[in-house]
Ligand SMILES: C[S@@+](CC[C@H](N)C(=O)[O-])C[C@H]1O[C@@H](n2cnc3c(N)ncnc32)[C@H](O)[C@@H]1O
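In this note's numbering, the protein residues as written are 481 to 738.
And the structure:
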């Protein structure tokens, strides 16, 4: 997926929805950033997490936003413009422009699904972390999608299109052993359900369902007309107060050994 200007803004809107706001609040609680820490947010997107982290670490700490999309870096810069302890790097996560053992914590939210070589990427994060440094990862498994639809077979066909759209759509269940192989220890995992009963067209749930349709049409699993009809049902359910959508995200907390 290319995060150009339009896609970056669409993601920003969806990530301001209540379910993702709640996910971020829980993530920040787990990270529990301290004054003076140096944190890197890889795949920072529109800078929503970075903004809160930069406030938490204070002026003696720093947050560096890394993203391969110029449009996303632009949104992060705009969001954090009043925070002088935030800096920005347009780079690929495969090669982080930081010295070895220089970073207290790395955050990596909804990024690894796009990465071809997860172990190599984790090894790069390991390299930059100080001994005892923390890595936080969030990934989604779309097989955990629960949605109210009158055509479950069609729903399965469309939602599973996401599996073929990115290299690692099913990472969460496999991630623990890969983290251990990369040298990390003390793996802790928790599920964060993103539950929505609101079919807001700009919200996370409808945005995710639209994305699945786009992929299903591109992969010729369904015709454009059938995809549109499937999507329309959710708007109808929403108007009737019968919309229901939930998908699980998984938060991993791991340490680099001291
Ligand atoms: C789904 S967004 C998540 C944004 C942010 N982490 C959040 O949770 O709010 C994924 C982000 O990862 C970035 N990204 C994807 N592949 C990347 C790569 N190889 N290196 C750096 N950033 C990447 C995208 O540009 C996008 O901003």
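Cβ coordinates follow ideal geometry from the N, Cα and C atoms, glycine included. All values reported here derive from a predicted model rather than from experimental measurement.
Touching by the beta-carbon criterion (3+ pairs, under 8 Å), the segment 570 to 582 and the segment 516 to 527: yes
Suppose you measure from the CA of residue 640 to the CA of residue 656; what does that come to, to the nearest Å? As a first step, residue 640 must be located in the chain shown, where it is residue number 160. As a first step, residue 656 must be located in the chain shown, where it is residue number 176. Distance between the alpha carbons of residue 640 and residue 656 is about 23 Å.
Sorry if obvious, but does the Cβ on residue 605 come closer than 7 Å to a heavy atom of ligand 1? Taking the first residue of the chain shown as 1, we reach residue 605 at position 125. Incorrect: residue 605 has no Cβ contact closer than 7 Å to ligand 1.
Short of 7 Å in beta carbon distance, which residues of its chain neighbour residue 715, apart from the five on each side in sequence? Order them along the chain. Working through the chain shown from its first residue, we reach residue 715 at position 235. If we look at residue 715 and ignore the five residues flanking it on each side, its Cβ neighbours are 679.
Would the C-beta of residue 733 count as close to ligand 1, meaning under 7 Å from any of its heavy atoms? Numbered from 1 along the chain shown, position 253 holds the residue referred to as residue 733. No, Cβ of residue 733 sits at least 7 Å from all heavy atoms of ligand 1.
Just reading off the alpha helix (DSSP H) that residue 589 is part of, what are its end residues? Stepping through the chain shown from its first residue, residue 589 is reached at position 109. Note, residue 589: premise wrong, no alpha helix (DSSP H); beta strand (DSSP E) at 583 to 589.
Whole-number beta carbon distance between residue 737 and residue 611, since they are thought to touch under 8 Å: By 1-based counting over the chain shown, the position of residue 611 is 131. By 1-based counting over the chain shown, the position of residue 737 is 257. Rounded, the Cβ-Cβ distance is 7 Å, consistent with contact.
Which residue from 532, 503, 528 puts its Cα closest to that of residue 514? In the chain shown, the residue the question calls residue 514 occupies position 34. Out of 532, 503, 528, 532 has the C-alpha closest to the C-alpha of residue 514.
What span of residues does the alpha helix (DSSP H) with residue 496 cover, start to end? If you number the chain shown from 1, residue 496 lands on position 16. Residue 496 -> no alpha helix (DSSP H), and no H or E assigned at all.
In whole angstroms, what separates the C-alpha of residue 489 from that of residue 606? Along the chain shown, read from residue 1 onward, the residue named residue 489 stands at position 9. Along the chain shown, read from residue 1 onward, the residue named residue 606 stands at position 126. Distance between the alpha carbons of residue 489 and residue 606 is about 31 Å.
Count the CB pairs spanning the segment 594 to 609 and the segment 698 to 711 that are closer than 8 Å, and state whether there are at least three. no
Identify the residues that DSSP records as bridge partners of residue 671: which are they? Here residue 671 refers to the residue found at position 191 when the chain shown is read from its first residue. Beta-bridge pairing links residue 671 to 730.
Assess, as a yes-or-no matter, whether the segment 528 to 546 is touched by the segment 505 to 512 under the definition of 3 or more beta carbon pairs within less than 8 Å. yes
Where does residue 521 sit, in a helix, a strand or coil, going by DSSP? Counting from 1 along the chain shown, the entry for residue 521 is found at position 41. Strand, per DSSP.
Output needed for residue 593: all residues of its chain with C-beta closer than 8 Å, excluding positions within five of it in sequence on either side, in chain order. In the chain shown, residue 593 corresponds to position 113, counting from 1. Taken in chain order, the residues that qualify are 619, 620, 646, 647, 648, 649, 651.
Using a threshold of 8 Å, state whether the C-beta atoms of residue 627 and residue 724 are closer than that. One-based indexing of the chain shown puts residue 627 at position 147. One-based indexing of the chain shown puts residue 724 at position 244. A contact, by the Cβ cut-off of 8 Å.
Put residue 594 into one of helix, strand or coil per three-state DSSP. Looking up residue 594 in the chain shown gives position 114. Helix.
Using three-state DSSP, classify residue 643 as helix, strand or coil. Looking up residue 643 in the chain shown gives position 163. DSSP places residue 643 in helix when its eight states are reduced to three.
According to the neighbour-count rule (16 or more other Cβ atoms, all chains shown, within 10 Å of its Cβ), is residue 666 buried or exposed? By 1-based counting over the chain shown, the position of residue 666 is 186. Its Cβ having fewer than 16 others within 10 Å, residue 666 is exposed.
Would you mind sorting residue 668 into buried or exposed? The rule is 16 or more other CB atoms within 10 Å of its CB. In the chain shown, counting from the first residue as 1, residue 668 sits at position 188. It counts as exposed.
Give me whichever residues DSSP pairs with residue 545 in a beta bridge. In the chain shown, the residue the question calls residue 545 occupies position 65. DSSP lists 521, 568 as partners of residue 545.
Measuring alpha carbon to alpha carbon, tell me which residue in 499, 644, 583, 625 is nearest residue 537. For the purposes of this step, residue 537 is taken as residue 57 along the chain shown, with counting starting at 1. Among 499, 644, 583, 625, the Cα nearest to that of residue 537 is on 583.
Can you grab the Cα-Cα spacing for the pair residue 554 / residue 546, in whole Å? Within the chain shown, residue 554 is the residue found at index 74, counting from 1. Within the chain shown, residue 546 is the residue found at index 66, counting from 1. Each residue's alpha carbon lies about 11 Å from the other.
Please determine whether the Cβ atom of residue 687 lies at a distance below 7 Å from any heavy atom of ligand 1. Reading the chain shown from its first residue, position 207 is the one you call residue 687. No, Cβ of residue 687 sits at least 7 Å from all heavy atoms of ligand 1.
Tell me the residue span of the beta strand (DSSP E) that contains residue 619. On the chain shown, residue 619 is found 139 positions in, with the first residue counted as 1. Counting along the chain, the beta strand (DSSP E) containing residue 619 begins and ends at 609 to 627.
Using C-beta distances below 7 Å, list every residue in its chain close to residue 560, excluding the 5 sequence neighbours before and after it, in chain order. As a working mapping, residue 560 is identified with position 80 in the chain shown. Correct list, in chain order: 527, 530, 531, 534, 566.
Measuring alpha carbon to alpha carbon, tell me which residue in 692, 733, 681 is nearest residue 719. By one-based count along the chain shown, residue 719 stands at place 239. The residue with the shortest Cα to Cα distance from residue 719 is 681.
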